[in-house]
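>
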Amino acid sequence: MKKQFKLGVIGGGFMAQAILKGAIYSDSLRAKKIIVADVSRKTLDQLEELGVSTTESNADAAQNCEYLLFAVKPQNFPAVAESLRGIPVEKAITIMAGVKKQKIKDLLGAPALRVARAMPNLPCSIGSGMTGLDLSDFEGDVDDCSFIDSVFSNIGNVLNVGEEKMDAVVGISGSGPAYVYMFIDGLIRAGVKQGLSEDEAKVLAVNTVAGGAEMVAHTEDKTIDQLISAVCSKGGTTIEAVESFRRDDMYGMIDRAVAACARRSKELSE
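Its first residue numbered 1, the sequence shown is counted upward by one per residue in the UniProt record's numbering.
(1) Looking at C-alpha atoms only, which residue of Gly176, Ile93, Val216, Leu159 is the closest neighbour of Ala260?
(2) If you compare alpha carbons, which of Pro123, Phe245, Asp144, Lys234 is closest to Ala210?
(3) Within a Cβ cutoff of 7 Å, which residues of the same chain sit near Val192, ignoring the five residues on either side of it in sequence?
(4) Report yes or no: do three or more beta-carbon pairs, one from the stretch 43–60 and one from the stretch 14–24, lie closer than 8 Å?
(5) Should Gln102 and Ile87 be called a contact, given that it needs their Cβ atoms to be closer than 8 Å?
(6) Given 8 Å as the limit, is there contact between the stretch 118–132 and the stretch 158–172, that is, 3 or more CB pairs closer than that?
(7) Could you check where the beta strand (DSSP E) with Cys65 kicks off and where it finishes?
(8) So, Val99 versus Ile10, is the Cβ gap smaller than 8 Å?
(9) When burial is assigned at 16 or more other CB atoms within 10 Å of the CB, is Thr94 buried or exposed?
(10) Is Thr54 near Val36, with beta carbons less than 8 Å apart?
(11) Output the distance between the C-alpha atoms of Asn154 and Met166, rounded to the nearest integer angstrom.
(12) So what's Leu113 in DSSP terms, helix, strand or just coil?
(13) Should Gly174 and Ala230 be called a contact, given that it needs their Cβ atoms to be closer than 8 Å?
(14) From the DSSP output, read off the bridge partner residues of Phe5.
(15) Any idea which residues DSSP pairs Asn58 with across the strands?
(16) State the Cα-Cα distance for the pair Cys65 and Glu90, rounded to the nearest angstrom.
(17) Quick check: Phe138 and Arg114, are their CB atoms within less than 8 Å of each other?
(18) Give me, in chain order, the residues of the same chain whose beta-carbon lies closer than 6 Å to that of Gly171; leave out the 5 immediate sequence neighbours on both sides.
(19) Pick helix, strand or coil for Ile35, following the three-state DSSP scheme.
(20) In the DSSP output, which residue or residues are listed as bridge partners for Val158?
(21) Taking the Cβ atom as the reference point for each residue, do Asn121 and Ser83 lie within a distance shorter than 8 Å?
(22) Per DSSP, Pro120 forms a beta bridge with which residues?
(23) Where does the unbroken alpha helix (DSSP H) through Lys266 begin, and where does it stop?
(24) As a quick exercise: from Tyr181, Glu270, Gly12, Ala217, pick the residue whose alpha carbon is nearest that of Phe70.
(25) Is the Cβ-Cβ distance between Leu227 and Ala205 less than 8 Å?
(26) Which stretch, first to last residue, makes up the beta strand (DSSP E) that contains Thr94?
Structure below.
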């Protein structure tokens, strides 16, 4: 039987709203084909402004949609799963960090359920995000893969990876914006110490980081090491900063931080 809604969403928080806005504003999915369930009336009121249907019943959303997106906190999922017992969910998408597909199937009592696991990051909220996406359960089904991919490509870039790499995705892109914010903050603080106003330092730091990232993304004939060398000159200014970073083991610090993040992601999934 044809479902009333294309996409059902359980959990209407910040990231869910970003995903829905991306889908609706890009015209890839009409608002009237979306239903969202949440326990907060205030949240549902906000969502209704997008033109989507809303409900306080998880079961109502689940049984009336083709694809069901789980956008709740991982610790709340067992209760959500209990509320869906007996409802035949066939296609699911999850953005819950650290919750493996098999656990979702087990808690829902649905061994035949197909699950796409996604890890979008905070910049998705402004359409400039990065999502790691595991579509292995839908392998070979072009229509399903295309739809699920579009849900996230509307809010940024998408990289298809296997679930076994999702902890690394969390360590690099899921949590990565925080590392970038820290680096920018460090540049701003250093700039102020060197005599700039905070606003001046922020403009310089933000645009330098953004421009540097764009060069890495669009320069195909040079490695990152070559780009670093292109800014440095023997006896010049940049090499002094670069050598300082190297003495302080900057790469080692980053490696240890990402490893700690990925390790915690693995712990949460066990």
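Quick reminder that beta carbons are idealized off the backbone N, C-alpha and C, glycines included.
Checking against the coordinates, here is how it stands:
(1) Gly176
(2) Pro123
(3) Excluding positions up to five away in sequence, the list reads Glu198, Ala201.
(4) yes
(5) No, they are not a contact pair.
(6) yes
(7) That run of the beta strand (DSSP E) goes 65–70.
(8) no
(9) buried
(10) yes
(11) 21 Å
(12) Note: Leu113 maps to coil in three-state DSSP.
(13) no
(14) Cys65
(15) Looking at the DSSP assignment, Asn58 forms no beta bridge with any residue, so it has no partner.
(16) Between Cys65 and Glu90, the C-alpha separation is close to 10 Å.
(17) Result yes, Cβ atoms of Phe138 and Arg114 sit closer than 8 Å.
(18) Val258, Cys261, Ala262
(19) strand
(20) Thr131
(21) no
(22) In the DSSP output, where bridge partners are listed per residue, Pro120 has Thr131.
(23) Where Lys266 is concerned, the enclosing alpha helix (DSSP H) starts and stops at 250–269.
(24) Gly12
(25) no
(26) 91–94
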